[in-house]
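Going letter by letter, the sequence shown gives residues 5 to 318 in the numbering used here. Ideal placement from N, C-alpha and C gives every residue a C-beta, glycine not left out. All figures in this text were calculated on a predicted structure; none of them were measured in a lab.
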Amino acid sequence: MINRGNYRKNLFAGKGAAESFERCLFEAAERFGWRVHAYVIMRNHFHLAVETPEPNLSDGMRWLQGTWVARFNRFSGETGRPFQGRYKALHVEPGHALAQVAHYIHLNPVRAKIVRADDLACHRWSSLHHFPQRERPPCLAAETVLAESGRLPDTAAGWRRYRAYLAHLAEEDLKWREKRFGRLSRGWAIGSPGFRHGLRKELEGIGAGPTRFELLGVDRAALHEARAEFWEEKLRRAAGALGIPLGKLPTKYSDPGKVALAALMKQTTSVSNGWLAERLQMGRPASVSQFVRRFCLSGGTSRHEFQRARAARR
């Protein structure tokens, strides 16, 4: 998760602000049973990588941010909303992908030029400060970070090697760093194609298709990406049911096969005309609506092959 100060205000630069937020985070983790794999508190934003054994992320984040805001306003004498809005959340695949997110979070102070890569331990408001300590907060979960960094031991020496590994990552070639970390702050899910596919299926079962993604805290661009993936999968299934090869679509905007496919998608998903127009090469979004309307008025949706394809999509 990530959230920023309203108008990019330096929320955590004042006396006691970061310490208070860290204390609230530990209280939230204990209250809601979270396992914290990584966190960092910067001047105007925070990053969290938390595991929620119970489905209580929304409730927990509401308590965390609300409690800290109440304490912050009471201490500072301010009013209003310190955060820019709802937090942004991404689903992360356990294992390697989660470790990459943790590395990304731990390296935030280096990217912000607050500390050098070999001085990461000097940034006080980070899980990396607590991990090497013998009496660290019980909510901190170190096993994934250590295992995916070369099966390092949970010892002072192991954490020194982990910090050295982070310093190496920070010094890697810019293009390689972009490949490794470039998408970790964007999108709606981080992990393998199989993980993303399984997550989409799980969310479909909970809610109404891609509208369910709106509950994840993703931004508009990420929501568009999630919906596009959902619609693409549905399109492939619809094309298979109608016997239409997606890789060899005719160029004609009003090709009967493309119109039938668009009509089936419109009847069985919340797909937009804009997406169909671009994906099926049907001209303007308004043209898709016109083609589908004519198809329906001509009885196209009543034909046996269309009804059979629609039944197969249920």
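Please return the same chain residues whose Cβ sits closer than 7 Å to the Cβ of residue 156, not counting the five positions on each side in sequence. Non-local C-beta neighbours of residue 156 in its own chain, meaning closer than 7 Å and more than five positions away in sequence, comprise 150, 162, 165, 166, ordered along the chain.
For residue 172, name the three-state secondary structure that DSSP assigns. Here DSSP, grouped into helix, strand and coil, assigns residue 172 to helix.
Can you tell me the Cα-Cα spacing of residue 200 and residue 96, whole angstroms? When rounded, the separation of the alpha-carbon atoms in residue 200 and residue 96 is 9 Å.
Through-space distance from residue 243 to residue 14, alpha-carbon basis: Their Cα atoms are separated by approximately 51 Å.
Do the segment 304-315 and the segment 254-268 make contact, defined as three or more Cβ pairs closer than 8 Å? Yes: at least three Cβ pairs fall under 8 Å.
Measuring straight from C-alpha to C-alpha, what distance separates residue 160 and residue 136? When rounded, the distance between both Cα atoms is 6 Å.
Applying the criterion that 16 or more other CB atoms from any shown protein chain within 10 Å of the CB defines a buried residue, is residue 57 buried or exposed? Per the 10 Å Cβ criterion, exposed.
Would you mind sorting residue 113 into buried or exposed? The rule is 16 or more other CB atoms within 10 Å of its CB. Buried, because 16 or more other Cβ atoms sit within 10 Å of the Cβ of residue 113.
On a Cα-Cα basis, can you pick out the residue from 262, 28, 121 that is closest to residue 52? Of 262, 28, 121, the residue nearest in Cα terms is 28.
What are the start and end residues of the alpha helix (DSSP H) that includes residue 14? Neither: residue 14 is in no alpha helix (DSSP H) and is coded neither H nor E.
3-residue-minimum beta strand (DSSP E) runs that sit fully inside the segment 43-115, ordered along the chain: Entirely contained in the segment 43-115, the beta strand (DSSP E) runs reaching 3 residues are, in chain order, 49-55.
For a test of the three-state rule: what should DSSP assign to residue 127, helix, strand or coil? It is coil, neither helix nor strand.
Looking only at its chain, what residues have a beta carbon closer than 6 Å to the beta carbon of residue 212, apart from the 5 residues adjacent to it on each side? With a pLDDT of 46 at residue 212, under the threshold of 50, the modelled position of this residue cannot be trusted, and the question is left open.
DSSP beta-bridge partners of residue 8: 49.
Given that a residue counts as buried once 16 or more other Cβ atoms are within 10 Å of its Cβ, and exposed if not, what is residue 219? Residue placement at residue 219 is flagged as unreliable, the pLDDT there being 44, under the threshold of 50; the coordinate-derived value follows with that caveat. By the Cβ-count criterion, residue 219 is exposed, with fewer than 16 other Cβ atoms from all chains shown falling within 10 Å of its own Cβ.
Just to confirm the assignment, what range does the alpha helix (DSSP H) spanning residue 291 have? First-last of the alpha helix (DSSP H) with residue 291: 289-301.
Among residues of its own chain, excluding the 5 on either side of residue 139, which ones have a beta-carbon nearer than 6 Å to its beta-carbon? Same-chain partners within the cutoff: there are none.
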